[in-house]
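First up is the structure itself, then whatever we jot down about it.
Protein chains: 2
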Amino acid sequence: MTTVLDRIDGPDDLGGLSGDELLQLADDIRDRIVEVMPRNGGHFGSSLGVVELTIALHRVFDFAVDRLTLDVSHQCYPHKMLTGRNEAYNHIRTKGGPAGYTRPSESRYDSFLWAHAGTSISTALGMARGMRDKDGWGVAVIGDSSINSGVALEALVHAGVMPDEKLLIILNDNNMSIAPTVGALSRHFQETCEAAEECGPADGEGANDHLGGFFTSLGHRYVGPVDGHNIESLIEVLSQVREGGRSTVLHVQTVKGRGHIEAEKDQWKWHAVGGAKKPGDEAVDFERVGQTPYTDLFVQAMIRRARIDPDLETITAAMPCGTGLRHFAAEFPDRCYDTGIAESHAIAFAAGLAHTGKNVVAAIYSTFLQRAYDQLFQEISLNQNPVVLAMDRAGIVGPDGATHNGCFDIAYVRSLPHIAIMAPRDGSELDDMLNMALDEKKPTAIRYPRAAAPAPDREYTRETPLAWGRSETLRHGADVALIAYGSMVYPAMEAAETMSGLGIEATVVNARFVRPLDRDMLHKVLEEHPLVCTIEEHTTNGGLGAACLEEAALSRRATDKLFPIGLPDAFVEHGTRTEMLEEMGLTPRCLVQTITHQLSEMAKRSQSEFISEADTY
Amino acid sequence: MTTVLDRIDGPDDLGGLSGDELLQLADDIRDRIVEVMPRNGGHFGSSLGVVELTIALHRVFDFAVDRLTLDVSHQCYPHKMLTGRNEAYNHIRTKGGPAGYTRPSESRYDSFLWAHAGTSISTALGMARGMRDKDGWGVAVIGDSSINSGVALEALVHAGVMPDEKLLIILNDNNMSIAPTVGALSRHFQETCEAAEECGPADGEGANDHLGGFFTSLGHRYVGPVDGHNIESLIEVLSQVREGGRSTVLHVQTVKGRGHIEAEKDQWKWHAVGGAKKPGDEAVDFERVGQTPYTDLFVQAMIRRARIDPDLETITAAMPCGTGLRHFAAEFPDRCYDTGIAESHAIAFAAGLAHTGKNVVAAIYSTFLQRAYDQLFQEISLNQNPVVLAMDRAGIVGPDGATHNGCFDIAYVRSLPHIAIMAPRDGSELDDMLNMALDEKKPTAIRYPRAAAPAPDREYTRETPLAWGRSETLRHGADVALIAYGSMVYPAMEAAETMSGLGIEATVVNARFVRPLDRDMLHKVLEEHPLVCTIEEHTTNGGLGAACLEEAALSRRATDKLFPIGLPDAFVEHGTRTEMLEEMGLTPRCLVQTITHQLSEMAKRSQSEFISEADTY
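Protein chains in written order, with the numbering used here: chain A, 1 to 617; chain B, 1001 to 1617.
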């Protein structure tokens, strides 16, 4: 049976649809989301919540000329379906398929590839301003949680003095972040909605200008709240705004998970759904016997420590679930802070807490901690504040792709003085590192991946007790040395075992620390091996390899033995974690290939040097 | 004659002063500022504006227990004088003297060393929360411009749901940033003050709770506006707030430059004053015949381009004067945007403009661009948006010290793919690089120092025309190669000339690009010289030296010839630029020393190798 959605090749096809057909279209889109998501995994509730809004937007605006920016863009599935990607949607978030976020390379209707929150207003304002002679609109759709971000708030302050731009800011208010929205702004939106119930529906003429005091205090024209699931009235109010031709904030109330009973009921759980297990994707298959995600091990270690350390406090930036901290909060509600999507504030706030003697752990994904780089510089590094940074999702995350991969954390943290950097090779080491960092009272970053840790009974025996700035040598061999850390220690060991079968004996070092770097170890392996490979799930620009090269060069050692293996100077796209590790050459099999290739190149080189030297004689 | 100020050894001495003595104390403090600043240089108007407020704060609170955070802390001079540093104030901002900002190592009354805006509320909230069992207050003093910063806005959203903390946020509203304050928030504060004039003075009981809608919409208790120059009423209102024991925003109106006729009249000019010229501080002596600051050359180049390129638009984040862009704005008011202290928004906004085809230059100091790292990641690097980043104040800035030095920009920009990085060796090259970056339509960062450019008639002849990713070799010599860029090219040339006198001949390469790196050049100099030194005014962690090491290692070249010269893995303190360059080993004299030392060490080593080889036989 042909659905209405099947007849939509692009937004132009929306013009001819009747009111009933538009309703049917909304149902078709919902059906597709419910059909594909359990298979591919992805953002479920968020996309279900904006079906009507997306249809109305594409009906009223022409986003081939006007520009649409969907904040975070995790709610982009209806938009993708309406812009020629309904068929491709079957393959969303799989390697080679469409990304889970907007991506300009897929469609001219996508303005930006992004998934970090809060920048939609800034960019929409820039676009509106840039098109001021072309009569195009900049339209931003932003959730009541994303709008908490400093960059979004900065944009509102700036946009407030530019009332004549064709800027439409749609506040998609569903009272949810991934978790329930926190903070004073969310409360203000709720109060606005309650007040509005008493004074009747808004219209595009700004009948409710006396509401939305936060926006009006900044000089914005405020319209709302309007029902985000009534296509007809959405089309009407959007048309009026467009007609009005000036900057407007439109407050739209939506229900996350709309149309899916379970998702509406448990919005937290259904924010995103995991896809079907793929055979072979062991990297994230948490259900293999005895394996537990690092995230769980982290929060278990936190809870154990909190029970004996009354000064332990912890911070999440809108990720109580993703970081595991909601379990901590359940037991210690007064010692866990959720700042909302406000990483800059979270780190400065952490520094304030630490200043008073609290033992503070800020748990923020590697890629989102980028948003607090200047606070890492000033409040942590410059002031040597002993905050512990738990950098979850370091390295390749899989289906979320380039925006979520944590590939730059070593480089950006290492640029700043005084912050120690560790990475555990397994669960026991994570526990020990966390406790050591807290005991040392030094600013420290600990990175761990979105992956299952090795099962406890399969952990390699501890060769050396954990000591500040010291590595551990897990294996000895004369032919090559591998210096790995964190997620790459076990693959390096596996690679070494395989090479041993080929007659190549490798030393394997678990670096443990990127800073302070174990210099003695480095100089020793450089002396004792003809080739030393650093192995890391991080860009080679400024990572452990670079740290070793710099140290060796500054101390005038034989750096030409060093070969850095890691991620390239490029973005890593989406796919399963296993697929992408393989593509990036970071699986044991690939490592064997790379290392043996380097060894045979060296053999060839010394052979030809031998010959050329012989020629000389 | 003994002044009242002379009798103040610490805040405890304030308690015994009469009302008249407090007034005299304010005068004494002003006299000291007016006496010392013309000699040492520093923030003039900001400190004059908070004299009464600072006295009142130290009278009411006990900041040995309570914690005071002065945002940016450029207004800290009265605070320093009242906390035992009146004598030391004579040496403020000079090498070895007190810093121009708060610094915990100087006094227990200083909470943080900082000067980047906006984090005072977050840290004060963290402190208040951390002291919840000790009954201590967290007090933040923040200007009407700093409060624009995303991090400050995030903090307000978070603090709005924590009404029971002992947090006092003092909005120091003088309607000025360095330049006049911009943006919707500043307008709102003005409107609030105008409305307040009609309803009489505020008291600490929150009589004016119906004002300050921005704060009240976020759930804050708002008190104000109050006269920030009336010590008596300030003491009264602060005492009431303290008594009240709950989170409060206190809106204080002050006059920047208060008590100094000229400074009150021209607040922009008198925000900060330059110190007396020091003999020998040639690095920043802009008045030497024919020399012009890079900043001026940048804006001249921008204006020349804008006259023929109608799509050129430019952005500053509250620094129209410091970046030179106020001259651009005078000629092209519609094409220059001042976002206020909102670097994250500035970069995302720039990306939006660039998306519509505008040629966009964002001029932000190297150290402040750190605040937009995540936007560089997402809106610029990931989306390859052709924004040109003019990174002024790259390297050592001098008296402003650690918070203002731009020592990390290469490292943090280079961690992200796709952004080209250039640095000009003089004014002509800056002009050419700016135009090339705009013509190429690629995301590009151009760094230049807070210094005078070489006089045009003293510029070295262009050896090779500027080409994308290509270097220029200025000098040939067989003994050693020096690869420098930007501010270090001329010192490297000078060092080479000196060494030539010692019989050592050096090749000198102007790298021009850190990315894309001129690989052919690198491989060639590595082949042709026994020692290759990279020279940069940047930390060696992840700078050009690291880039060369990584490239050589990845292509398996002789990296052991490479020796990186640059700034250490530590913060550089305040002093004149010349003093600090000398201390860091980056003057021609120091370079000669370092390089000749390396050469003689190499000679010793090969000598001993020769001997040890001989031993073997």
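Quick reminder that beta carbons are idealized off the backbone N, C-alpha and C, glycines included.
Neighbours of R85 (chain A) across chain B, judged by C-beta separation under 9 Å, do not exist; the nearest C-beta is about 19 Å away. Listed along chain A is no residue with a C-beta nearer than 8 Å to that of G1575 (chain B); the closest approach is about 17 Å.
In terms of Cα proximity to D520 (chain A), the closest of A:H404, A:R557 and A:R577 is A:R557. Counting only runs of 4+ residues, the alpha helix (DSSP H) found wholly inside the segment 1011 to 1066 of chain B occupies 1019 to 1040, 1045 to 1049 and 1051 to 1060, in chain order. Residue contact with chain A for Q1378 (chain B): present (Cβ-Cβ distance below 8 Å to some residue of chain A).
Annotated as distal: A363 (chain A) and A342 (chain A), with beta-carbon spacing of 8 Å or more. Contact between A1350 (chain B) and I1315 (chain B) holds: their C-beta atoms lie close to 5 Å from each other, under 8 Å. Assignment of beta-bridge partners to E472 (chain A) by DSSP yields A:N510. When DSSP states are grouped into helix, strand and coil, I170 (chain A) belongs to the strand group. I1033 (chain B) counts as buried, since no fewer than 16 other beta carbons sit within 10 angstroms of its beta carbon. The DSSP assignment places complete beta strand (DSSP E) segments of no fewer than 3 residues inside the segment 287 to 351 of chain A at 312 to 316 and 336 to 338, in order along the chain. Rounded to the nearest whole angstrom, the C-alpha separation of C548 (chain A) and L517 (chain A) is 8 Å. For the pair V1157 (chain B) and N148 (chain A), the CB atoms are nearer than the 8 Å cut-off. With a cut-off of 8 Å on Cβ pairs, the segment 99 to 108 of chain A is not in contact with the segment 117 to 127 of chain A, counting fewer than three such pairs.
When C-beta distances to chain B are compared with 8 Å, the residues of the segment 158 to 182 of chain A below that value are H158, A159, G160, V161 and V182, in chain order.
Excluding five sequence positions before and after E1440 (chain B), the CB atoms of its chain that fall closer than 7 Å to its own CB belong to W1468, given in chain order. The three-state reading of DSSP puts H1523 (chain B) in helix, counting H, G and I together.
Residue pairing by DSSP puts F563 (chain A) in a beta bridge opposite A:C533.
The Cβ of T1123 (chain B) sits closer than 8 Å to at least one Cβ of chain A.
Around the beta carbon of Q1378 (chain B), 16 or more other beta carbons lie within 10 angstroms, which makes this residue buried. For D1439 (chain B), the enclosing alpha helix (DSSP H) begins and ends at G1427 to E1440.
Residues of chain B whose Cβ lies closer than 8 Å to the Cβ of Y412 (chain A) are, in chain order, Y1373, A1411, Y1412 and S1415. An exposed status is given to P310 (chain A), since fewer than 16 other beta-carbon atoms sit within 10 Å of its beta-carbon. Measuring C-alpha to C-alpha distances from A179 (chain A) to each of A:Q267, A:T507 and A:G130 identifies A:Q267 as the nearest. Note on geometry: alpha-carbon atoms of D1426 (chain B) and Y1460 (chain B) lie some 9 Å from one another.
If you ignore the 5 residues before and after T1295 (chain B), its C-beta comes within less than 7 Å of the C-beta of T1323, G1324 and D1392, all in its own chain and listed in chain order. Contact check between the segment 1040 to 1048 of chain B and the segment 1214 to 1224 of chain B: fewer than three CB pairs, one atom from each, fall below 8 Å, which does not count as touching.
CA-to-CA, the gap between S606 (chain A) and P568 (chain A) works out to about 28 Å.
For L1070 (chain B), the pairing in a beta bridge is given by DSSP as B:V1141. Taking 8 Å as the cut-off, the beta carbon of G257 (chain A) is found closer than this to the beta carbon of G49 (chain A). Annotated as proximal: Q1370 (chain B) and F1408 (chain B), with beta-carbon spacing under 8 Å.
Rounded to whole angstroms, Q593 (chain A) and L562 (chain A) show a C-alpha spacing of 17 Å. Looking at B:N1405, B:E1472 and B:E1601, the one whose alpha-carbon comes closest to that of M1584 (chain B) is B:N1405. Counting the other CB atoms within 10 Å of its CB gives S555 (chain A) a total below 16, which places it among the exposed residues. Considering only beta carbons, the part of the segment 1550 to 1569 of chain B lying closer than 9 Å to chain A consists of E1550, A1552, A1553, L1554, R1556, R1557, A1558, T1559, D1560, K1561, L1562, F1563, P1564, P1568 and D1569, in chain order. Every unbroken stretch of the beta strand (DSSP E) spanning 3 or more residues and falling wholly within the segment 191 to 250 of chain A is given here in chain order: 222 to 227.
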